[in-house]
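Down below is the structure, laid out as structure tokens.
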Amino acid sequence: MLLKYLFYMLLGSLSLGQFARVGDYYLFDLAAAAFSFYGTVFFLIKRNLKIPRYSILFIIFSLWAGASLLLNFYRYDNEEGITAAFYLIRYAVYLLSALVTYNMLSSGIIDRGQLEKYLTFSAIFLSAAGLVQLWLLPDFTMLDPALGWDPHKNRVASTFFDPNFLGAYLVTVLTLILGSISEGKKDKCRLVSAGVLLIFIFLTFSRSAWAMLAVVIFIFGLFKQRRLLLLGLLLAFLAYFLVPRVQTRLVGITDPADSARFRLVSWKNAIQISRDNMLTGVGFNAYRYAQKDYNFLTADNISSRSGAGADSSLLFVLATTGIFGALTFVSALAFPFLDSVVFKRKYGLVIASLLPALMLESLFLNSLFYPQIMFVFYAVIFSSSPDI
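Given below as structure tokens:
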């Protein structure tokens, strides 16, 4: 049926990453808009559109984000305000796409095993594309600096062109696979897929992805399989002492020239903007223009990729939507976690491990608003809702 084909197109275009860009647009944004619009109309006509309980606070947050932008619209010229509004629409589209995916599950169009399979195919494709990228483009300093890419060397970045976001995506899919394995579904395909993703998460050499993976392994080991804790510690020990690059990445956190220093600057800027705009923020996704007003950006980097966000999703939310928006967003993340832990929901272990892991990772990157991660994150969260 058409809805399933639109779902495949969305997931396929998301997997293409930067290769899905045509001019100023991304094909995956257009695919998400088509999928969410058609899916919403489809389920409305059938009169069985359902709203999962885990989505309610996210919907409230998106409404407040729109209000924060309207309240701050006077601060920006028309072009800046309209650009920020389009990013808000983009967020709403991905939220709606995950809601449509949830309705596909609840109506039986697809089942949870199929969703896991499709996301696993996407992650394996990204891993394979990462091998090609390592062969063809191991050094990103070869690219024109005007393109705005960080100078990664010998790290798997795949079609995302960013090893940190790629690592977060792979860990999210791996968590879903581990959830099935913990339920006794230990078929060869899942075990091999988990092993492949584990290898490529390591090859991203992303400290934030490693930290995210460590949280997932710790929680799965603590609540389901204690031997996983020992395996995780053994792998970490071997990686640190047998792979010099790992030592360099971990020790480099204290290096003044390391990227961690730039994150500290980003956090400091976000905190200052938040303090001055605590009630309503500066307007959702108008952060680039606020940074320009604070002289945190110059004419040379006003158009850079990093200019639009802070190196922390939670600080980004606080700075752009104010304290109420931040509290709503954190509550939206905390509710599925607490609901899963307290009431021991069927897929609660996936939620209980993924949410704190991704929240930790998002302290160092604005990953919760990266399109690929937004879709897979919300799709996994909503598909684990006890409403199904």
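Using UniProt numbering, read the sequence shown as starting at 1 and increasing by one per residue. In this text, a Cβ means the ideal position worked out from N, Cα and C, and glycines have one as well. Remember, it's a predicted structure, so these values are computed and weren't measured experimentally.
Taking only the alpha-carbon atoms, compute the straight-line gap between residue 255 and residue 70 and give it to the nearest angstrom. The residue you call residue 255 lines up with position 255 of the sequence shown. The residue you call residue 70 lines up with position 70 of the sequence shown. Residue placement at residue 255 is flagged as unreliable, the pLDDT there being 45, under the threshold of 50; the coordinate-derived value follows with that caveat. In a straight line, the C-alpha of residue 255 is about 42 Å away from that of residue 70.
If we call anything under 8 Å between Cβ atoms a contact, is residue 84 one with residue 348? Mapped onto the sequence shown, residue 84 falls at position 84. Mapped onto the sequence shown, residue 348 falls at position 348. Taking 8 Å as the Cβ cut-off, residue 84 and residue 348 do not qualify as a contacting pair.
Residue 288 - containing alpha helix (DSSP H), residue span: The sequence position of residue 288 within the sequence shown is 288, counting from 1. Residue 288 -> alpha helix (DSSP H) spans 287-293.
DSSP three-state assignment for residue 22, whether helix, strand or coil: Within the sequence shown, residue 22 is the residue found at index 22, counting from 1. In this structure, residue 22 counts as strand in the three-state DSSP scheme.
The alpha helix (DSSP H) with residue 91 in it runs from where to where? Reading the sequence shown from its first residue, position 91 is the one you call residue 91. Note, residue 91: alpha helix (DSSP H), 78-106.
Do residue 199 and residue 389 have their beta-carbon atoms positioned less than 8 Å apart in this structure? Because the chain in this structure spans residues 1 to 388, residue 389 falls outside the shown range and cannot be described.
With DSSP as the reference, label residue 153 as helix, strand or coil. Working through the sequence shown from its first residue, we reach residue 153 at position 153. Residue state, collapsed to three classes: strand.
Run the CB neighbour count on residue 392, radius 10 Å, all protein chains shown included, and call it buried at 16 or more, exposed below. Only positions 1 to 388 of the chain appear in this structure, which leaves residue 392 out of reach.
Output the distance between the C-alpha atoms of residue 41 and residue 6, rounded to the nearest integer angstrom. Taking the first residue of the sequence shown as position 1, residue 41 is located at position 41. Taking the first residue of the sequence shown as position 1, residue 6 is located at position 6. Approximately 14 Å, taken between the alpha carbons.
Cβ-Cβ distance between residue 363 and residue 312 below 8 Å: By 1-based counting over the sequence shown, the position of residue 363 is 363. By 1-based counting over the sequence shown, the position of residue 312 is 312. Contact flag set, yes.
In this structure, how does DSSP classify residue 339 when only helix, strand and coil are distinguished? Residue numbering aside, residue 339 sits at position 339 when the sequence shown is read from its first letter. Three-state result, residue 339: helix.
Quick check on residue 346 - is its C-beta less than 8 Å from some C-beta in chain C? Looking at the structure shown, chain C is missing, and only one protein chain is on hand.
Within 10 angstroms of the Cβ of residue 303, are there 16 or more other Cβ atoms? Answer buried if so, exposed if not. Stepping through the sequence shown from its first residue, residue 303 is reached at position 303. Note that residue 303 scores 49 on pLDDT, short of 50, meaning its location in the model is unreliable; the coordinates nonetheless yield the value given after this. Under this definition residue 303 is an exposed residue.
Is the beta carbon of residue 270 closer than 8 Å to that of residue 324? Taking the first residue of the sequence shown as position 1, residue 324 is located at position 324. Taking the first residue of the sequence shown as position 1, residue 270 is located at position 270. Cβ atoms of residue 324 and residue 270: not closer than 8 Å.
Whether or not the region 190-209 and the region 122-130 are in contact is what I'm after, with contact meaning three or more pairs of Cβ atoms, one per stretch, closer than 8 Å; do they touch? yes
Inter-stretch contact (C-beta, 8 Å, three-pair minimum) for the region 60-78 and the region 31-48: no
Measure the alpha-carbon distance for residue 319 versus residue 208 and round it to whole angstroms. Sequence index remark: in the sequence shown, residue 319 carries index 319 (1-based). Sequence index remark: in the sequence shown, residue 208 carries index 208 (1-based). Rounded to whole angstroms, residue 319 and residue 208 show a C-alpha spacing of 22 Å.
Which word fits residue 135, buried or exposed, when buried means at least 16 other C-beta atoms lie within 10 angstroms of its C-beta? Counted from its first residue, the sequence shown places residue 135 at position 135. When all chains shown are included, residue 135 counts as exposed.
Would you check whether the ligand ATP has a heavy atom nearer than 7 Å to the C-beta of residue 65? Of the ligands one can find in the structure shown there are none, so the ligand ATP has no counterpart to examine.
Which residue wins for smallest C-alpha separation from residue 115, given the options 262, 168, 176, 68? If you number the sequence shown from 1, residue 115 lands on position 115. If we check each option's Cα against that of residue 115, 176 comes out closest.
Return the CA-CA distance between residue 338 and residue 359, expressed in angstroms with no decimal places. Counting from one through the sequence shown, the residue named residue 338 turns up at place 338. Counting from one through the sequence shown, the residue named residue 359 turns up at place 359. Cα to Cα, residue 338 sits roughly 14 Å from residue 359.
Looking at C-beta atoms only, is the number of pairs between the region 89-96 and the region 119-126 that lie closer than 8 Å three or more? no
Local Cβ density within 10 Å of residue 162, reported as buried at 16 or more and exposed below that: Along the sequence shown, read from residue 1 onward, the residue named residue 162 stands at position 162. Looking at its Cβ environment, which holds 16 or more other Cβ atoms inside 10 Å, residue 162 is buried.
Rounded to whole angstroms, how far is the Cβ of residue 171 from the Cβ of residue 212, which I believe are closer than 8 Å? For this step, residue 171 is matched to residue 171 along the sequence shown. For this step, residue 212 is matched to residue 212 along the sequence shown. With a Cβ gap of about 5 Å, residue 171 and residue 212 count as contacting.
Going by beta carbon distance, what residues of the same chain come within less than 6 Å of residue 368, once the five residues before and after it are set aside? To locate residue 368, count along the sequence shown from 1; it is residue 368. Within the same chain, residue 368 has close Cβ partners 313, 362.
Range covered by the alpha helix (DSSP H) that runs through residue 40: Counting from 1 along the sequence shown, the entry for residue 40 is found at position 40. Taken as a continuous stretch (DSSP letters only), the alpha helix (DSSP H) holding residue 40 covers 27-45.
Compare the beta carbon distance of residue 158 and residue 166 with 8 Å and say whether it is the shorter of the two. Here residue 158 corresponds to residue number 158 of the sequence shown, with the count starting at 1. Here residue 166 corresponds to residue number 166 of the sequence shown, with the count starting at 1. In this structure, residue 166 lies closer than 8 Å to residue 158 by Cβ.
Using the Cβ count rule (16 or more neighbours within 10 Å means buried), how would you classify residue 164? For the purposes of this step, residue 164 is taken as the residue at position 164 of the sequence shown. That one is buried.
Reducing DSSP to helix, strand and coil, say where residue 276 ends up. Within the sequence shown, numbered from 1, the residue matching residue 276 stands at position 276. DSSP places residue 276 in helix when its eight states are reduced to three.
Rounded to the nearest angstrom, what separates residue 384 and residue 351 at their Cα positions? Reading the sequence shown from its first residue, position 384 is the one you call residue 384. Reading the sequence shown from its first residue, position 351 is the one you call residue 351. Taking the straight line joining both Cα atoms gives about 7 Å.
Kindly indicate which three-state DSSP category residue 113 falls into: helix, strand or coil? Locating residue 113 in the sequence shown gives position 113, counting from the first residue. Reduced to three states, the DSSP call for residue 113 is helix.
Using the beta-carbon count (16 or more within 10 Å), is residue 370 buried or exposed? Residue 370 sits at position 370 when you count from the first residue of the sequence shown. When all chains shown are included, residue 370 counts as buried.
Let me know if residue 78 comes out buried or exposed under the rule of 16 or more other beta-carbons within 10 Å of its beta-carbon. The sequence position of residue 78 within the sequence shown is 78, counting from 1. The residue is exposed, with fewer than 16 neighbouring Cβ atoms inside 10 Å.
Complete runs of the alpha helix (DSSP H) confined to the region 168-218 [at least 4 residues]: 188-203
Please report the residue range of the alpha helix (DSSP H) in which residue 355 lies. In the sequence shown, residue 355 corresponds to position 355, counting from 1. Start and end: 348-361.
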